[in-house]
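Each residue of the sequence shown is one higher than the last, beginning at 53 in the working numbering. Every residue gets a Cβ at the ideal spot worked out from N, C-alpha and C, and that includes glycine.
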Amino acid sequence: MITLDDTKTRIILAAIRAVRQYGLEGVRIQNVSELAGISSGAIYRHFDGKDQLLVECFTYVDKQAAAIFEHLQFNPLLMLTDPMGAVKALWLPYFRFWTSHPDEAVFYHRFRDSTFFPRYDKIRDVTYFKTFMGMVHAFKTVFPILNRINQDLLWLHVLTSTVMYAKYVVEGILPNSQETEDTVFQLLTTGLSGYLKPDKSKKPEKK
53 MITLDDTKTR IILAAIRAVR QYGLEGVRIQ NVSELAGISS GAIYRHFDGK
103 DQLLVECFTY VDKQAAAIFE HLQFNPLLML TDPMGAVKAL WLPYFRFWTS
153 HPDEAVFYHR FRDSTFFPRY DKIRDVTYFK TFMGMVHAFK TVFPILNRIN
203 QDLLWLHVLT STVMYAKYVV EGILPNSQET EDTVFQLLTT GLSGYLKPDK
253 SKKPEKK
């Protein structure tokens with residue numbers, strides 16, 4: 053027997069699959085109903101309509117992506133000995149999450165690129181990215197020059213591009229290979245290495 057929580061999750065997963073099949077604009081509650089194997093009425097008992105359902109789908113996937121960083125072994129010392137290696141150690145599990153979750157990767161990319169996202173982005177709660185933001189803060193502490201970069205632009209570039217390339221992988225446009233991972237990482241981080249150096253603008257303190 054499916055509990056209420058199980059039913060809601062079942063609907064969300066079906067909606068994510070439906071968006072991959074029919075597109076964000078083209079998907080209908082009936083499509084979700086058919087994929088979930090439940091009635092449309094049952095969906096409306098959990099969601100007010102399509103817009104709310106899509107928003108909850110995004111939050112569901114976003115939290116899954118954020119949880120990746122909860123399980124990573126973050127070594128701050130690696131930032132000093134191999135800064136780009138430290139970045140890759142954080143980025144690679146994130147990229148692999150998307151390439152191993154095809155429906156979620158396509159849905160996430162389409163939602164972020166839609167008219168739904170700007171409205172939702174203004175009010176969404178991103179506290180579940182607390183661990184990731186703590187890692188970012190550690191990098192900015194070790195490499196203060198990172199503060200000179202527009203943070204919104206930096207993370208928009210990394211996040212959006214990572215999901216986009218992952219979508220290309222799950223759609224078969226790019227091979228799911230080590231070479232793809234290495235190339236995508238190099239493309240995303242070109243120029244970043246210049247900021248992962250000690251800030252030489254600070255003069256040493258006189259003794």
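message: Is the beta carbon of Ile81 closer than 8 Å to that of Val113?
response: no
- request: Measure the beta-carbon distance from Trp150 to Val215 and round it to whole angstroms, keeping in mind my assumption that it falls under 8 Å.
  value: Contact between Trp150 and Val215 is confirmed by a C-beta separation of about 6 Å, below the 8 Å threshold.
- prompt: Count the other CB atoms within 10 Å of the CB of Thr55; is the residue buried (16 or more) or exposed (fewer)?
  reply: Any reading at Thr55 must be qualified, since the residue scores a pLDDT of 46, below 50, and its modelled position is unreliable; no value is offered.
query: In whole angstroms, what is the alpha-carbon distance linking Leu65 and Tyr220?
result: 21 Å
- prompt: How about Ala118 and Phe169: are their beta carbons less than 8 Å apart?
  reply: no
query: What residue range is occupied by the uninterrupted alpha helix (DSSP H) comprising His189?
result: 182-194
message: Counting C-beta neighbours from all protein chains within 10 Å, is the total for His161 16 or more, i.e. buried, or is it exposed?
response: buried
- prompt: In whole angstroms, what is the alpha-carbon distance linking Gln230 and Cys109?
  reply: 30 Å
query: If you drop the 5 nearest sequence neighbours on each side, which residues of the same chain put their C-beta closer than 7 Å to that of Ile120?
result: Pro145, Tyr146, Phe149
field: Helix, strand or coil at Leu248 according to DSSP, with G and I counted as helix
entry: coil
message: So the candidates are Leu129, Leu76, Leu124; which of them puts its Cα closest to the Cα of Gln104?
response: Of the candidates Leu129, Leu76, Leu124, the one whose C-alpha sits nearest the C-alpha of Gln104 is Leu76.
- prompt: Which class does Pro154 belong to by DSSP, given the choice of helix, strand or coil?
  reply: helix
task: Report yes or no: do the region 126-143 and the region 235-250 share at least 3 C-beta pairs separated by less than 8 Å?
output: yes
- prompt: For Val158, does the count of other Cβ atoms within 10 angstroms reach 16, so buried, or fall short, so exposed?
  reply: buried
- prompt: Taking Cβ positions, are Ala88 and Val79 nearer each other than 8 Å?
  reply: No, the pair does not count as a contact, with Cβ atoms beyond the cut-off.
field: Per-residue DSSP class, three states only, for Phe174
entry: Checking the sequence shown, residue 174 turns out to be Lys, not Phe. In this structure, Lys174 counts as coil in the three-state DSSP scheme.
query: Which residue from Ile201, Pro128, Val84 puts its Cα closest to that of Gln191?
result: Note that residue 191 corresponds to Phe in the displayed sequence, not to Gln. Nearest of Ile201, Pro128, Val84 to Phe191, Cα basis: Pro128.
task: Find the nearest neighbour of Asn199 within the set Lys249, Tyr180, Asp234, Tyr172, judged by alpha-carbon distance.
output: Lys249
Option nearest Leu124 by Cα separation, candidates Glu86, Tyr217, Arg171, Gly186: Gly186
field: Cβ-based neighbour list, Phe163, same chain, cut-off 8 Å, excluding 5 preceding and 5 following
entry: Val71, Leu76, Leu106, Cys109, Phe110, Phe169
message: For Val210, report the span of its alpha helix (DSSP H) as first-last.
response: 203-222
query: How is the alpha helix (DSSP H) around Ser92 delimited, first residue to last?
result: 92-96
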